[in-house]
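What follows is a single structure, written as structure tokens, with notes after it.
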Amino acid sequence: MNYDTVAAISTAQGEGGIGVIRISGDDALRIADKIFYSVSGKKVTEMKGYTASFGKISENGEDIDEAVALVFKAPHSYTGEDVVELSCHGGLYITKRVLRAVLNAGAVPAQAGEFTKRAFLNGKIDLTEAEAVIDIISAKSRGAARSALCVKEGALRKKIDGVKNDLLSMAAHLSAWADYPEEDIAEVTADSVIETCDNAIKCFKSLLDSYDCGQAVKKGIDTVIAGRPNVGKSTLMNLLSGYEKSIVTDIPGTTRDIVEDTVTVGDVVLNLSDTAGLRDTDDTVEKIGVDRARKRLEQCGLLLAVFDNSRELDEDDYALIESAKLVPSIAVINKTDLDNKLDIEYISKNIKYIVYISAISGDGRDELTKAVEKIAGTQNFNPSEGVLSNERQRIAVKNALDSVVEAMNALKCGMTFDAVTVSIEDAISHLLELTGERTSDEVVDRVFHNFCVGK
Ligand SMILES: Nc1nc2c(c(=O)[nH]1)N(C=O)[C@@H](CNc1ccc(C(=O)N[C@@H](CCC(=O)O)C(=O)O)cc1)CN2
Ligand SMILES: Nc1nc2c(ncn2[C@@H]2O[C@H](COP(=O)(O)OP(=O)(O)OP(=O)(O)O)[C@@H](O)[C@H]2O)c(=O)[nH]1
Ligand SMILES: [Mg+2]
């Protein structure tokens, strides 16, 4: 490939044990040789792939740092090109200084995502695998990391390849049969076409079904903790976030503004909002807080409706129960360490999920975790199945599905195999867009636009 040789700092910007400057391209080894001097005297250009050597980085006779040079030889590297990684000490100044020396020696600065883009352009990975790299880096939970890794290892590509090959051989068979009637080509039966289409439809539908769940695992569910004043909402917030995020007092009306934090509950990421206790009030500031709480509640993906076990239901509780009917909700009965005065039967009649906790001691937390996982659907979430991870992928699969459904309908309406073939070919081209085998430069640019420099 005839690209420039690029370089960037590939580790996070900040102080760390080690900082890595990555160089990729035809000139990577020669460029490294200009600034890296190994203790053994061996030149980088003489090193074999997958070997390392220890030495010094210096420029114009000035020593910059001690470093380890690691060599990858094309095509056996992340990008598929010659790669040298210089590991120096992980300081903000040092990594930038080493990068400057590398650029002075002839490399050009890598664009955001350029290493991964080169891996894609050199055929090392497809577009779904490239997108999985971003997802691995940004994963905040075990589920998100595992599903991204499975896609990185080809879970989605293999699944799509299977269906694509079936559709391709069917389309080829259909055209051959239509175009060369005099040849001895086995007749295509409607049954065999229907079977192939059915399988494709099943595969696409299961991928689309897992999308929402995958998004919940990846991005988190917008979750609101609501309830009347003093029921223990902020105490629950602090229990889930693991530190004193919200102020807790025994004075009703303590929380006034929305307090936010992102937490993981089991395998699920929750974007939590602790809110002002819901009640009618004359206090101007508190009133604004209550209005904000009500608004947030209407738009949430999950409501944790908190009730105080030691008190009877009041008007504000009844109103909350009504709101809970409109969004996915868990009734959280708090203060179970105190004597029961709450009409739990009424709550359980109206809210499907109900858990019992003591936010102060943490009792019942596991129960809450299970309920959250049930609502998020992560119990049936199987990362190794290959999960669609973004809108681009979802739309490609949806379009492929629509095309196959169209083919089926054409067949059922008794249209010619020609019409069926056109729809099948549409479906194939949507799958080629998904994997990036056939896609525009703009789409590719947009995918890599989201990357960080050095990846
Ligand atoms: N030091 C270092 N660690 C890293 C990376 C890196 O670029 N450098 N990676 C960057 O994301 C990830 C690993 N990705 C990599 C992917 C492929 C190859 C590679 O050498 N592939 C060869 C050989 C495969 C084989 O032996 O079968 C190949 O594809 O031919 C290396 C790293 C995570 N850790
Ligand atoms: N006994 C007992 N007390 C609790 C429990 N959870 C919270 N509390 C107490 O209840 C009081 C109110 O707790 P908060 O967490 O501030 O309640 P809140 O719902 O956020 O209240 P507002 O912000 O005013 O709406 C505090 O004194 C807490 O210590 C519990 O599980 N058991
Ligand atoms: Mg509070």
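Numbering (UniProt numbering), first residue to last: 1 to 455. C-beta atoms are modelled at their ideal positions from N, C-alpha and C, and glycine is treated no differently. No experiment lies behind these values; they were computed from the predicted model shown.
Using DSSP bridges, identify the partner residues of residue i.
| i | result |
| --- | --- |
| C88 | G19 |
| D166 | Its beta-bridge partners do not exist; DSSP assigns none. |
| D274 | I225, V259 |
| K56 | Y37, E66 |
| V453 | A112 |
| A331 | A305, I354 |
| T264 | V269 |
| residue 534 | The requested residue 534 is not part of the displayed model; the chain covers only 1 to 455. |
| S24 | V6, V83 |
Is the Cβ-Cβ distance between residue i and residue j less than 8 Å?
| i | j | result |
| --- | --- | --- |
| V306 | V355 | no |
| V68 | L29 | no |
| R228 | R279 | yes |
| A110 | V6 | yes |
| G113 | I221 | no |
| A178 | D426 | no |
| S38 | S53 | yes |
| E260 | A276 | no |
| I31 | A105 | yes |
| G49 | F72 | yes |
| E433 | A396 | yes |
| D274 | S234 | yes |
| A130 | I136 | no |
| L313 | D343 | yes |
| S361 | L338 | no |
| T378 | V217 | yes |
| L156 | T128 | yes |
| C197 | V404 | yes |
| D184 | V108 | no |
| V151 | A132 | yes |
| K164 | I347 | no |
| L236 | A359 | yes |
If residue i sits next to residue j, beta carbons under 8 Å apart, how far is it from one beta carbon to the other, in whole angstroms?
| i | j | result |
| --- | --- | --- |
| A293 | A226 | 6 Å |
| C88 | D63 | Actually they are not in contact, since the Cβ atoms of C88 and D63 sit about 11 Å apart, beyond 8 Å. |
| I9 | L70 | Contact doesn't hold; Cβ gap of about 15 Å is too wide. |
| I160 | L431 | 6 Å |
| D33 | T51 | The Cβ separation is near 14 Å, so there is no contact. |
| N334 | I357 | 6 Å |
| R392 | L208 | Wrong, their Cβ atoms sit about 14 Å apart, outside the cutoff. |
| T435 | D126 | 4 Å |
At what residues does the beta strand (DSSP E) containing residue i begin and finish?
| i | result |
| --- | --- |
| S423 | From DSSP, S423 is part of no beta strand (DSSP E) but of the alpha helix (DSSP H) over 417-435. |
| L127 | Not the beta strand (DSSP E): L127 falls in the alpha helix (DSSP H), residues 127-138. |
| A12 | No beta strand (DSSP E) contains A12, which DSSP labels as neither H nor E. |
If you compare alpha carbons, which of the options is closest to residue i?
| i | options | result |
| --- | --- | --- |
| E367 | A155, V44, L167, L240 | L240 |
| D267 | G106, A200, N380 | N380 |
| T79 | T51, A107, L103, K124 | K124 |
| S192 | V248, E406, S169 | S169 |
| T15 | L174, I23, S77, G90 | Sequence check: residue 15 is Glu here, not Thr. Closest by alpha carbon: G90. |
| V224 | L86, V404, R311, N271 | N271 |
| I23 | L103, V404, V420 | L103 |
| D257 | I251, V269, G289 | G289 |
| G214 | A376, T254, D250, F448 | A376 |
| D175 | G17, S423, I347 | The sequence as given places Ser at residue 175; Asp does not occur at that position. Of the listed residues, the one whose Cα sits closest to S175 is S423. |
| K370 | D308, S358, Y353 | Y353 |
| I330 | N340, K341, R365 | R365 |
| K349 | D26, C413, K325 | K325 |
| P328 | E373, R438, H449 | E373 |
| F36 | I321, A101, F448, D445 | A101 |
| C203 | N238, S323, D166 | D166 |
| S147 | P383, G242, V420, V443 | P383 |
Identify the continuous alpha helix (DSSP H) that holds residue i and give its terminal residues.
| i | result |
| --- | --- |
| S206 | 190-219 |
| I395 | 391-412 |
| I321 | 315-324 |
| R146 | 142-152 |
| M47 | Careful: M47 lies outside any alpha helix (DSSP H) and carries neither H nor E. |
| Q299 | 284-299 |
| L240 | 233-241 |
| T369 | 365-376 |
Quick check: is any heavy atom of ligand 4 less than 7 Å from the C-beta of residue i?
| i | result |
| --- | --- |
| S77 | Ligands present in the displayed structure are limited to ligand 1, ligand 2 and ligand 3, and ligand 4 is not among them. |
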